[in-house]
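Going by this note's numbering, the sequence shown opens with residue 19, and the numbers climb by one from there.
Where a beta carbon is used, it is the ideal one built from N, C-alpha and C, also for glycine.
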Amino acid sequence: MTAQLELLSARDALGPDPIPDLTAADLIVYSSSGGKDSQVGLDETVRLADAAGVRDRIVVLHCDLGVTPRGHTIEWPGTIDLARRQAEHYGLRLEVRRSAKWASLLHRIRDRGQFPNLFNRYCTAIKRDLSRKFITEQVAALGITRRPAQVVLVLGLRAEESRARATKPAMEIDQRASSGRRTITLWYPVLRWSTAEVWERIRASGVPYHWAYDQGMSRLSCSLCVLASAQDLTCAARLRPELAQEYADQEAEMGAPFRRDLSMAEIIQRAKAAA
Ligand code: SF4
Numbered sequence: 019m020t021a022q023l024e025l026l027s028a029r030d031a032l033g034p035d036p037i038p039d040l041t042a043a044d045l046i047v048y049s050s051s052g053g054k055d056s057q058v059g060l061d062e063t064v065r066l067a068d069a070a071g072v073r074d075r076i077v078v079l080h081c082d083l084g085v086t087p088r089g090h091t092i093e094w095p096g097t098i099d100l101a102r103r104q105a106e107h108y109g110l111r112l113e114v115r116r117s118a119k120w121a122s123l124l125h126r127i128r129d130r131g132q133f134p135n136l137f138n139r140y141c142t143a144i145k146r147d148l149s150r151k152f153i154t155e156q157v158a159a160l161g162i163t164r165r166p167a168q169v170v171l172v173l174g175l176r177a178e179e180s181r182a183r184a185t186k187p188a189m190e191i192d193q194r195a196s197s198g199r200r201t202i203t204l205w206y207p208v209l210r211w212s213t214a215e216v217w218e219r220i221r222a223s224g225v226p227y228h229w230a231y232d233q234g235m236s237r238l239s240c241s242l243c244v245l246a247s248a249q250d251l252t253c254a255a256r257l258r259p260e261l262a263q264e265y266a267d268q269e270a271e272m273g274a275p276f277r278r279d280l281s282m283a284e285i286i287q288r289a290k291a292a293a
């Protein structure tokens with residue numbers, strides 16, 4: 019009995035999540051990080067958009083967090099190229115956006131004088147602002163004037179990844195970002211997928227995935243994420259020692275640790291010990 023229960027995914031147990039009416043969408047923006055959840059979310063979005071006959075309304079967006087003062091990408095090397103190949107696999111175009119104000123997340127951290135944390139995620143606000151600005155541009159280009167444009171913003175979030183995500187509905191109106199000109203529906207098509215289901219679909223799709231997974235990372239996005247597990251951070255510091263050193267020098271300069279419970283200097287020590 020226990021074994022049978024373990025084989026049930028959250029989707030099996032809870033039933034299908036609601037899906038927005040894609041035929042009513044003027045625009046479907048898929049927010050891609052290039053990571054595994056994002057990749058499988060795109061595959062599922064395309065499948066459901068095809069069923070509705072609206073694949074041509076999808077545009078894939080990647081919000082890049084830039085290059086540090088010493089010339090290292092905040093995100094994993096190869097991520098933008100991979101996100102482009104993933105989009106092109108479905109015949110979709112990839113748009114890349116970066117902050118006009120901050121050359122990189124590390125520039126923003128230096129200005130702020132502390133690293134982001136769970137309760138002050140100003141790092142994700144950079145991406146959120148880029149995505150809203152992108153939607154504003156795209157809606158203006160649609161030229162819809164007599165009614166609010168209907169926009170579906172799709173993200174490959176999964177409930178397993180955090181407690182906050184576990185309580186999210188699979189779709190909701192983004193009231194803050196909606197206006198008289200646009201209604202934005204947030205949609206998380208793989209919210210209740212398990213990690214096993216994600217990898218199963220990736221293998222079945224034949225779409226390339228990021229090299230960092232085969233090097234030991236369990237999650238992607240920023241190479242050195244303040245919310246990552248100590249194991250992933252140690253792995254990332256081993257794979258990207260120069261970026262880790264730049265973060266360590268930044269924490270020394272600010273006198274504020276990367277994380278209250280774990281400094282970057284300590285992460286580097288762990289990475290060296292594990293090598
Ligand atoms: S991956 Fe981590 S550090 Fe990067 S923007 Fe997201 S929460 Fe912030």
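- Task: Might you give, ordered along the chain, the residues of its own chain that have their beta carbon closer than 6 Å to the beta carbon of L204, omitting 5 neighbours on each side?
- Result: Taking the first residue of the sequence shown as 1, we reach residue 204 at position 186. Around L204: L171, E190 and D192.
- Query: By Cβ distance below 6 Å, which residues in the same chain neighbour A184 in space, the five residues on each side in sequence not counted?
  - Reply: Along the sequence shown, one-based indexing puts residue 184 at 166. Excluding positions up to five away in sequence, the list reads A177.
- Cα-Cα, which of W229, L83, R115 and L40 is closest to E62? Position 44 of the sequence shown, counting from 1, holds the residue named residue 62. Comparing Cα-Cα distances from E62 to each of W229, L83, R115 and L40, the minimum goes to L40.
- Inter-residue Cα distance where the pair is D279 and P134: The count along the sequence shown starts at 1 and reaches residue 279 at position 261. The count along the sequence shown starts at 1 and reaches residue 134 at position 116. C-alpha separation (whole angstroms): 13 Å.
- Where E24 falls, given that 16 or more other Cβ within 10 Å makes a residue buried: In the sequence shown, the residue the question calls residue 24 occupies position 6. Residue confidence for E24 is low, a pLDDT of 47 falling below 50, so the modelled location carries little weight; the figure read from the coordinates is stated next. With fewer than 16 other Cβ atoms within 10 Å, it is exposed.
- Query: Distance, Cα to Cα, L238 vs A43?
  - Reply: Start at 1 with the first residue of the sequence shown, and residue 238 comes out as number 220. Start at 1 with the first residue of the sequence shown, and residue 43 comes out as number 25. Distance between the alpha carbons of L238 and A43 is about 30 Å.
- From L124 to Y265, what does the alpha carbon distance come to, in whole angstroms? Position 106 of the sequence shown, counted from the first residue, corresponds to residue 124. Position 247 of the sequence shown, counted from the first residue, corresponds to residue 265. Looking at the two C-alpha atoms, the distance is approximately 8 Å.
- Query: Leaving out the 5 sequence neighbours to the left and right, which residues in its chain are closer than 6 Å to L257 when beta-carbon positions are compared?
  - Reply: By 1-based counting over the sequence shown, the position of residue 257 is 239. Taken in chain order, the residues that qualify are Q233.
- Message: Using only the alpha-carbon positions, how far apart do R288 and E271 sit?
- Response: If you number the sequence shown from 1, residue 288 lands on position 270. If you number the sequence shown from 1, residue 271 lands on position 253. One C-alpha to the other measures close to 21 Å.
- Message: Tell me the DSSP secondary structure of H125 in three-state form.
- Response: Position 107 of the sequence shown, counting from 1, holds the residue named residue 125. Three-state result, H125: helix.
- Would you report the Cα separation of D35 and K186, rounded to the nearest angstrom? Stepping through the sequence shown from its first residue, residue 35 is reached at position 17. Stepping through the sequence shown from its first residue, residue 186 is reached at position 168. Rounded to the nearest angstrom, the two C-alpha atoms are 11 Å apart.
- Item | Terminal residues of the beta strand (DSSP E) in which D82 lies | What you label residue 82 is simply residue 64 of the sequence shown in a count that begins at 1. Note, D82: beta strand (DSSP E), I76 to D82.
- Item | Residues with C-beta closer than 6 Å to any heavy atom of ligand 1, in chain order | P134, R139, C141, T142, S239, C240, C243, V244 and L245
- What do you reckon, are the CB atoms on A222 and R199 nearer than 8 Å? Position 204 of the sequence shown, counted from the start, is the residue given in the question as residue 222. Position 181 of the sequence shown, counted from the start, is the residue given in the question as residue 199. Cβ atoms of A222 and R199: not closer than 8 Å.
- Task: Determine the burial state of E93: buried for a count of at least 16 other Cβ atoms within 10 Å of its Cβ, exposed for fewer.
- Result: The sequence position of residue 93 within the sequence shown is 75, counting from 1. It is buried - the Cβ of E93 has at least 16 other Cβ atoms within 10 Å.
- Query: Leaving out the 5 sequence neighbours to the left and right, which residues in its chain are closer than 6 Å to G174 when beta-carbon positions are compared?
  - Reply: Stepping through the sequence shown from its first residue, residue 174 is reached at position 156. Excluding residues within five positions, the ones whose Cβ falls inside 6 Å are D55, S56, G59 and V208.
- Tell me the DSSP bridge mates of M189? Within the sequence shown, residue 189 is the residue found at index 171, counting from 1. BP columns for M189 point to W205.
- Query: Are the beta-carbon atoms belonging to T86 and L261 less than 8 Å from one another?
  - Reply: Position 68 of the sequence shown, counting from 1, holds the residue named residue 86. Position 243 of the sequence shown, counting from 1, holds the residue named residue 261. Yes, Cβ-Cβ distance for T86 and L261 is below 8 Å.
- Give, in chain order, every unbroken run of the beta strand (DSSP E) that is at least 3 residues long and sits entirely within the segment 116 to 162. none
- Task: Label L160 either buried or exposed according to how many other C-beta atoms from any shown protein chain fall within 10 Å of its C-beta, with 16 as the threshold for buried.
- Result: Counting from one through the sequence shown, the residue named residue 160 turns up at place 142. Its Cβ having fewer than 16 others within 10 Å, L160 is exposed.
- Let me know the secondary structure DSSP gives A222 once reduced to three states. Here residue 222 corresponds to residue number 204 of the sequence shown, with the count starting at 1. Of the three classes helix, strand and coil, the one that applies to A222 here is helix, per DSSP.
- Item | Three-state secondary structure assigned by DSSP to Q233 | The residue given as residue 233 occupies position 215 in the sequence shown. Looking at Q233 - three-state DSSP - the assignment turns out to be coil, as it is neither helix nor strand.
- Using the C-alpha atoms, what's the distance from V169 back to H80? Against the sequence shown, residue 80 aligns to sequence position 62. Against the sequence shown, residue 169 aligns to sequence position 151. If you take the alpha carbons of H80 and V169, they lie about 17 Å apart.
- Query: Does the separation of the CB atoms of W229 and G96 fall below 8 Å?
  - Reply: Against the sequence shown, residue 229 aligns to sequence position 211. Against the sequence shown, residue 96 aligns to sequence position 78. Yes; because the gap between Cβ atoms is below 8 Å, this pair is in contact.
- In the structure shown, what three-state DSSP assignment does V72 receive? Against the sequence shown, residue 72 aligns to sequence position 54. DSSP places V72 in coil when its eight states are reduced to three.
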